[in-house]
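S.K.:
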Amino acid sequence: MAELSLHGVTKRYGDTVALDDVSMTVPDGSFVVLLGPTGAGKTTTLRVVSGLDSPEAGDIRIGGESVTSRTPAERNVAMVFQQYSLYPHLTVRENLAFPLKSPLLRTPPAEIERKVGAVAEMLQISHKLGNKSTELSGGEMQRVSIGRALVREPAAFLMDEPLSSLDAKLRADLRVELKTIQAERGTTFLYVTHDQIEAMTMATHVGVLDHGRLVQFASPREIYENPVSIYAASRLGQPRINILPADLFGQAPPGAKSIGLRPEQIRQGEGEESLVTRVERLGDETRLHLNFREHDLVTTVAAHSGLRAGDVVRIRPERPFYFDASGARTH
Amino acid sequence: MSSYSITAPTTAQKWGAGILVVLYAVITILPLLWIVTTGFKSQNDAIAYPPSVLFEPTLEGYVNLFTTQTRISDEELAENPPETWYDEIAADRGMSIVGPSRFGGRFLNSVIIGFGSTFLSVFLGTLAAYAFSRYKVPLKDDLLFFILSTRMMPPIAVAIPIFLMFRSLGLSDTHLGMILLYTAVNLSLSVWLLKGFIDEIPREYEEAALIDGYTRFQAFVKVVLPQAATGIASTAIFCLIFAWNEYAFAVLLTSGNAQTAPPFIPTIIGVTGQDWPAVAAGATIFLVPVMVFTILLRKHLLRGITFGAVRK
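The listed protein sequences correspond, in order, to chains A and B. Okay, so the first sequence: first residue is 1 according to our numbering, each after it adds one. Okay, so the second sequence: first residue is 332 according to our numbering, each after it adds one.
1) Just reading off the beta strand (DSSP E) that A:Leu-244 is part of, what are its end residues?
2) For A:Leu-275, which residues from the same chain have a beta carbon less than 7 Å from its beta carbon, with the 5 sequence-adjacent residues on both sides left out?
3) Does A:Pro-72 come within less than 8 Å of chain B when only Cβ atoms are used?
4) Given a threshold of 16 other Cβ atoms within 10 Å of its Cβ, counted over all protein chains shown, does B:Asn-375 qualify as buried or as exposed?
5) Residues of chain A with CB closer than 8 Å to the CB of B:Asp-418, please, in chain order.
6) Enumerate in chain order the residues of its own chain whose CB-to-CB distance from B:Ser-432 is below 6 Å, with the five nearest sequence positions on each side excluded.
7) Would you list, in sequence order, the uninterrupted alpha helix (DSSP H) runs of no fewer than 4 residues that lie entirely inside the region 497-535 of chain B?
8) For B:Lys-643, count neighbouring C-beta atoms within 10 Å of its own C-beta (all shown protein chains included) and say buried if the count is 16 or more, exposed if not.
9) Can you have a look at B:Leu-627 and say buried or exposed, based on whether 16 or more other CB atoms are within 10 angstroms of its CB?
10) Could you have a look at B:Lys-372 and say whether DSSP puts it in helix, strand or coil?
11) A:Pro-220 and A:Gly-260: beta carbons closer than 8 Å?
12) Quick one, which residues of the region 541-574 of chain B are near chain A if we go by CB-CB under 9 Å, in chain order?
13) State the start and end residues of the unbroken beta strand (DSSP E) segment that holds A:Arg-61.
14) So what does DSSP say about B:Ala-405, is it helix, strand or coil?
15) Mind listing, in chain order, the continuous beta strand (DSSP E) runs of no fewer than 3 residues lying wholly within the region 122-210 of chain A?
16) Buried or exposed: B:Ala-339, going by 16 or more other Cβ atoms within 10 Å of its Cβ?
17) On a CA-only basis, which of B:Leu-583, B:Ser-373, B:Ser-521 is nearest B:Asp-423? Give me that one, please.
18) Should B:Asn-588 be labelled buried (16 or more other beta-carbon atoms within 10 Å of its own) or exposed?
19) Got a sec? Which residues, its chain only, sit under 7 Å from A:Lys-42 by beta carbon, not counting five neighbours each side?
20) Can you check whether the C-beta of B:Tyr-536 is within less than 8 Å of a C-beta belonging to chain A?
21) Within 10 angstroms of the Cβ of A:Arg-47, are there 16 or more other Cβ atoms? Answer buried if so, exposed if not.
22) Can you tell me the Cα-Cα spacing of A:Asp-15 and A:Asp-28, whole angstroms?
23) To be precise: take each residue of the region 446-478 of chain B, compare its Cβ to all Cβ atoms of chain A, and keep it if any distance is under 7 Å. Which residues remain?
24) Report the neighbours of A:Met-360 on chain B: residues whose CB is nearer than 7 Å to its CB, in chain order.
25) Taking 8 Å as the cut-off, decide whether the C-beta atoms of B:Gly-562 and B:Leu-502 are in contact.
26) Taking a contact to mean a Cβ-Cβ separation below 8 Å, would you say A:Leu-214 touches A:Met-79 in this structure?
27) Within the chosen definition, does the region 53-60 of chain A reach the region 176-187 of chain A through at least 3 CB pairs nearer than 8 Å?
28) Would you verify that the beta carbon of A:Pro-103 is, or is not, closer than 8 Å to some beta carbon of chain B?
29) So, for A:Ser-5: in the same chain, excluding its five sequence neighbours on each side, which residues have a beta-carbon less than 6 Å away from its beta-carbon?
30) Does DSSP classify B:Ala-348 as helix, strand or coil?
31) Starting from A:Pro-55, find everything on chain C with Cβ-Cβ shorter than 9 Å and list it in chain order.
32) Cβ of B:Ala-640 less than 8 Å from any chain A Cβ?
33) Enumerated in chain order, which unbroken segments of the beta strand (DSSP E) with a length of 3 residues or greater are wholly contained in the region 391-455 of chain B?
34) Assuming B:Pro-608 contacts B:Gly-370 under a Cβ cut-off of 8 Å, what Cβ separation, rounded to an integer in Å, is found between them?
35) For A:Ala-155, which of A:Arg-235, A:Pro-239, A:Leu-244, A:Glu-65 has the nearest alpha-carbon?
36) Is the CB of B:Ala-339 under 8 Å away from at least one CB in chain A?
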């Protein structure tokens, strides 16, 4: 449990700049989610914080102390990897006990037994403790891998898409479970995901990375409602924000090149006509694919809407975002 | 089964493959079988022509192999009747056992030198292979090529320099000298084989161990070594087979103290005429350790322990 911070961290792999002068502070007890497409530097951030890679420039502090020159073991962070999660030559029980047996912790056997049992129970893998780790399904492997982090009491948890290989139900369960652990223990989390439900529901802060640069760091709500750029706006929201020419709906503010419309920024039943091209009923909501002056956009309507392809809907932008030619927000 | 499968062989294919394997096994096992049976033949059966396939087994060859004998007259025999079963076997041929032969000592030399050099080759090879696999070693490719280049000529090509070197260093006819020599020859094979095996082990396991609170060396011992067990076992078998069977250097560099079994076995022929059963008995016993070693490590050779551990 500690504050974790990066100060001007730069990391290169050969000619590629993986992290470019990244500074951010993960407050003690917060849950920070890093968003960005593949190659944005999310995993690199975790590797640099954990000590598996050392940055070319900058400083990393955990609990106010610089750890840049320390080994991963000395930093006392737990990490869940996206791949190769388990030691294949050990059983599930031995995998879970592995960090507790480390020369760093030297946990007494009775204590190991208790902690491993508790974590196995929480992750619903108690019946698999005696199995070889290679005999598990992908979802079970990943749960054990999360368990191996949870048995410890580290300064921070670093997780690299830990739930991505699990089925929907288990993912939802574990999402709640991780959030509960975070709330109960007050542990700092640095979490990488592609899943925006995870980002929206779990995060206290979201960091948006673009080609190694941190472009926005704020609460998920702030990023959703007040994105700094098209790039940041596109990270959150389902269906994705519609980006259209700024003057499509008439007068645009000076300097604006594009208009950004989330579904709730499209008022229906007023304004100008658009054609419904497709209706997707998802159960809890229904998505409308519209064609407006030869531009496609996607919005949502109530689940039981009677609209069908070929119908005409009037739409009007409501408090939209405007972006300039470089994609930065202007209004 | 009428359906066609690209993975499951048909009955005809299974039989075909089976017959080929059995045929090959017969061809390769026959000479071995010949050696093993000759060890249990009497001297007359051993040289009989046409060869005797059915014969009365005797331990004569083994007794001759392990003992030193001297010819005695019938009167002496009557005075000292044979006391043990092996005395009796010797007495049947008018011989009396006067002591053990040198075979036991030579065999022990083979064990010390063979296993000693195998241990050293695999130990040093694993450390070197790990370093080559994981660290940024300057001139890595050149170094690896240089290591391999030591195998590009037959080792015996450098026999004379090695002979001179051993003489001036006092390593001639010593166990240490032979262990060092066989280790030097085996090390290139061992480094290359093990590097391949260690390259196959994803670094993520070590990284996980580093974060779990272990040092680099502890991660190596606890995570890399167990997963490299398959590679270490097969490398050890290759190293042992070479060191165990090596003949040329053993002839050249050992004569008494550190002489191994391969140069000794042929000398048995000369002791009491052409004693083929004794030679065959020596060869049979000589086969056993490598066979046992291979069988013991077979489990590791067959078990792909890292298989299936990767999250898909």
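From the three backbone atoms N, C-alpha and C, an ideal C-beta is built for every residue, glycine too.
M.R.: The relevant details are as follows:
1) 242-245
2) Leu-290, Asn-291, Val-312
3) yes
4) exposed
5) Within chain A, no residue comes near B:Asp-418; the closest Cβ sits about 54 Å away, beyond 8 Å.
6) Phe-397, Thr-398, Thr-399
7) 506-531
8) Confidence at B:Lys-643 is low in this model, with a pLDDT of 32, below 50, so its placement is unreliable and the value that follows should be read with caution. Flag for B:Lys-643 reads exposed.
9) exposed
10) coil
11) no
12) Leu-541, Ile-542, Asp-543, Gly-544, Tyr-545, Thr-546, Arg-547, Gln-549, Lys-553, Val-554, Pro-557, Gln-558, Ala-560
13) 57-62
14) The sequence given here places Asp at residue 405 of chain B; Ala does not occur at that position. In the structure shown, B:Asp-405 sits in a helix (DSSP, three-state: H, G or I).
15) 156-160, 188-192, 205-210
16) exposed
17) B:Ser-373
18) exposed
19) Leu-34, Gly-36, Val-192, Leu-209
20) yes
21) buried
22) 34 Å
23) none
24) No information on residue 360 of chain A is available, as it lies outside the stretch 1 to 331 that chain A covers here.
25) no
26) no
27) no
28) yes
29) Thr-25, Arg-61
30) helix
31) Absent here is chain C; the protein component of the structure consists of chains A and B.
32) With a pLDDT of only 40 at B:Ala-640, under 50, the local geometry of the prediction cannot be trusted, and the value read off the model is given with reservation. At least one chain A Cβ lies under 8 Å of B:Ala-640.
33) 398-402, 426-431
34) 6 Å
35) A:Glu-65
36) no
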